[in-house]
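Those letters in the sequence shown? Residues 67 to 424, by my numbering. Note that CB positions come from ideal geometry on N, CA and C, so glycine has one too. The structure appears right after this line, and notes come after that.
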Amino acid sequence: MHSPADAIKLDGSGGAGGGQVLRTALSLSALTCKPFEISNIRASRPKPGLQAQHLASVRAAARLSDAEVVGAELNSVSLKFSPGEISGNNFSFDCGTAGSTMLIAQTLLPIMAFGNGKKEARLVGGTENAFAPTSFFFRHSFLPAVSKMGADSALEVIRFGWYPKGGGEVRISVESTAGAIRPVDLTERGKLERMRGYAIVSNLKAEIAQRMKTRLLKNISEAAFCANVKVELVDAPAIGEGAEAFLLANYGHFHAGFTALGERGKPSEKVAGEAFHNFSQFDKSGACVEQHLSDQLLLYCALAKGRSVLQVERITPHLLTNAGVVSQFLPDAQIAIEGMENEAGAVTVEGIGFESGN
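Structure, rendered in structure tokens:
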């Protein structure tokens, strides 16, 4: 156990913002038992300080790690987090708003994976949020990637949650790792083998989903990307209304997921077109790892035993911010990022081979 005097000092005002810094810090603090203090949380945002979904992540991580917390209040711009021992197997957390349950799940998953025994968490809030992974991205892109490394987990969506009503409910189950997780070599994606699409609506006319499906199929066909294509219509149970298009591209060696959300006044064809455009830009890049997934995998690469290499679509501010936070908690993990910010590049990580009880 580290004393509060040894707390890692973090600044939540720079880089990609305090939300990303906070979530990575919570995960690694709970795993390493290193306390941290973060100041200037989201200082540059229109609403600075901790918001409801950030507080939900803090309280959830604190419960899993029996942590002592100071400053866990709405709009607080500073926080002290001193973790204890990871314990318990079943948890339930409510955002109280339409805040993203997927961001909470990403915070908790590493903590759950390195605990003892299978763990399950029930999360209530938003599931299909802007500026966050949606449940489709989480289930079809993120989870298969971390499972490839040995962090076996599953997501069940009981009810979808859209802004502003929220009310979604998911259950995530995580098997404890047997020793250290595996590194990955994601430098060659291989040939595009198949594409799967989802046209998702909640409490809206079925015609909206059909129009998204038609546009996805039209765009893929006209660009002659792939012959093996299927698009599924999804009537998603929810309290509120919402629409989403999700595309999953399966290459020979890896996969990539692309999301676009609907909003009032936005044509169905534009929603589908955005998801397709995101895929098309990725495909042209020749990269193996889609830009959002790259920063999400960095923490796992640092914990893995051995060298991971990622050929990434774009070196994002989130990736650079995450690398800085990971290095503070795991100084023995060597992270090298080659390339210019906002351009394609390569990430090489020498992981520390973290195991429970390290």
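Reducing DSSP to helix, strand and coil, say where Arg111 ends up.
Working through the sequence shown from its first residue, we reach residue 111 at position 45. Note: Arg111 maps to coil in three-state DSSP.
Could you tell me the distance, in whole angstroms, from the CA atom of Ala217 to the CA atom of Ile247?
Mapped onto the sequence shown, residue 217 falls at position 151. Mapped onto the sequence shown, residue 247 falls at position 181. Taking the straight line joining both Cα atoms gives about 7 Å.
Short Cβ contact (8 Å threshold) for Ala198 with Ser166:
The residue given as residue 198 occupies position 132 in the sequence shown. The residue given as residue 166 occupies position 100 in the sequence shown. In this structure, Ala198 places its C-beta atom within 8 Å of the C-beta atom of Ser166.
DSSP-derived helix/strand/coil call for Tyr317:
Looking up residue 317 in the sequence shown gives position 251. In this structure, Tyr317 counts as strand in the three-state DSSP scheme.
Only counting the same chain, and skipping five residues up and downstream in sequence, which positions put a Cβ closer than 7 Å to that of Thr325?
Residue mapping note: residue 325 aligns to position 259 of the sequence shown, counting from 1. The residues are Thr200, Phe202, Phe203, Glu310, Phe312 and Ala341.
Got a sec? Which residues, its chain only, sit under 6 Å from Val267 by beta carbon, not counting five neighbours each side?
Taking the sequence shown and counting its residues from 1, one reaches residue 267 at position 201. Closer than 6 Å at Cβ, skipping near neighbours: Ile274, Ala275 and Ala309.
With DSSP as the reference, identify every bridge partner of Ile266, one or two as the case may be.
If you number the sequence shown from 1, residue 266 lands on position 200. Ile266 is bridged to Val300 and Glu310.
Give the DSSP bridge partners of Ile381, in chain order.
If you number the sequence shown from 1, residue 381 lands on position 315. DSSP, once it has assigned bridges, lists no residue as partnering Ile381.
So Arg108 and Gly115 are in contact, right, with Cβ under 8 Å, and what is the actual spacing, rounded?
One-based indexing of the sequence shown puts residue 108 at position 42. One-based indexing of the sequence shown puts residue 115 at position 49. Rounded, the Cβ-Cβ distance is 6 Å, consistent with contact.
Determine the DSSP secondary structure at Ser105, reduced to helix, strand or coil.
Working through the sequence shown from its first residue, we reach residue 105 at position 39. Three-state result, Ser105: strand.
Quick one: any contact between the region 175-193 and the region 157-165, if contact means 3 or more CB pairs under 8 Å?
yes
Determine the closest residue to Pro149 out of Ala128, Ser123 and Met406, with distance taken between C-alpha atoms.
Locating residue 149 in the sequence shown gives position 83, counting from the first residue. Of Ala128, Ser123 and Met406, the residue nearest in Cα terms is Ala128.
Out of Pro397, Gln357, Leu386 and Ala370, state which residue places its alpha-carbon closest to the alpha-carbon of Phe208.
Position 142 of the sequence shown holds residue 208. Shortest Cα-Cα distance from Phe208 to any of Pro397, Gln357, Leu386 and Ala370 involves Gln357.
Chain-order list of residues whose beta-carbon lies under 6 Å from that of Arg260 (same chain, five-residue window excluded):
Start at 1 with the first residue of the sequence shown, and residue 260 comes out as number 194. In the same chain as Arg260, and ignoring 5 residues on each side of it, the C-beta atoms closer than 6 Å to its own belong to Asn294 and Asn316, in chain order.
Out of Arg373, Pro397, Gly372 and Glu409, which has the shortest C-alpha to C-alpha gap to Leu385?
On the sequence shown, residue 385 is found 319 positions in, with the first residue counted as 1. Checked all of Arg373, Pro397, Gly372 and Glu409; the closest Cα to Leu385 is Glu409.
First and last residue of the uninterrupted beta strand (DSSP E) at Glu404:
Residue mapping note: residue 404 aligns to position 338 of the sequence shown, counting from 1. DSSP places Glu404 in the uninterrupted beta strand (DSSP E) bounded by Gln400 to Glu404.
Between the region 325-336 and the region 376-395, are three or more C-beta pairs nearer than 8 Å?
Cβ pair count under 8 Å is below three, so no.
Is Thr280 helix, strand or coil when you go by DSSP?
Walking along the sequence shown from the start, residue 280 turns up at place 214. DSSP places Thr280 within a helical segment (H, G or I) once states are collapsed to three.
Cβ-based burial, Gly234 [other Cβ within 10 Å; buried from 16]:
Taking the first residue of the sequence shown as 1, we reach residue 234 at position 168. Buried.
Report the residue from Lys100, Ala73, Leu121 and Cys99 whose alpha carbon sits nearest the alpha carbon of Arg89.
Here residue 89 corresponds to residue number 23 of the sequence shown, with the count starting at 1. Among Lys100, Ala73, Leu121 and Cys99, the Cα nearest to that of Arg89 is on Leu121.
Nearest to Cys99 (by Cα), restricted to the options Ser153, His206 and Ser351:
For the purposes of this step, residue 99 is identified with residue 33 of the sequence shown, where counting begins at 1. Considering only alpha carbons, the answer is Ser153.
Ordered along the chain, which non-local residues of its own chain (more than five positions away) have a Cβ less than 7 Å from that of Asp361?
Position 295 of the sequence shown, counting from 1, holds the residue named residue 361. Correct list, in chain order: Thr382, His384, Leu385 and Asn388.
Quick check on this structure: which residue in Gly323, Thr163 and Tyr366 has the alpha carbon closest to the alpha carbon of Phe345?
In the sequence shown, the residue the question calls residue 345 occupies position 279. With distances taken between Cα atoms, Phe345 lies closest to Gly323.
Grab the span of the beta strand (DSSP E) containing Ala196 for me, first residue to last.
Position 130 of the sequence shown, counting from 1, holds the residue named residue 196. Premise fails: Ala196 is in no beta strand (DSSP E) and is neither H nor E.
Per DSSP, cross-strand counterpart(s) of Gly411:
As a first step, residue 411 is located in the sequence shown; it is residue number 345 there, counting from the start. According to DSSP, which records beta bridges pairwise, Gly411 is partnered with Val378.
What is the residue span of the beta strand (DSSP E) that Arg237 lies within?
Stepping through the sequence shown from its first residue, residue 237 is reached at position 171. Here the beta strand (DSSP E) through Arg237 covers Gly234 to Val240.
Neighbour-count burial assignment, Asn285, 16 or more Cβ in a 10 Å radius:
On the sequence shown, residue 285 is found 219 positions in, with the first residue counted as 1. Classification of Asn285: buried, given that the 10 Å Cβ count is 16 or more.
Three-state class that DSSP yields for Lys332 in the structure shown:
Taking the sequence shown and counting its residues from 1, the one referred to as residue 332 is at position 266. Looking at Lys332 - three-state DSSP - the assignment turns out to be coil, as it is neither helix nor strand.
Taking the alpha carbon of Gly85 as the reference point, which residue from Thr163, Gln172 and Ile74 has its own alpha carbon closest?
For the purposes of this step, residue 85 is taken as the residue at position 19 of the sequence shown. Residue Gln172 is the option with its Cα nearest to Gly85.
Looking at the structure shown, is Asp24 part of a helix, part of a strand, or coil, going by DSSP?
The shown model of the chain, from 67 to 424, leaves out residue 24, and the question about it has no answer.
Taking Ala370 as part of the alpha helix (DSSP H), name the residues at either end of that continuous run.
Counting from 1 along the sequence shown, the entry for residue 370 is found at position 304. It is not in any alpha helix (DSSP H) - Ala370 carries neither H nor E in the DSSP assignment.
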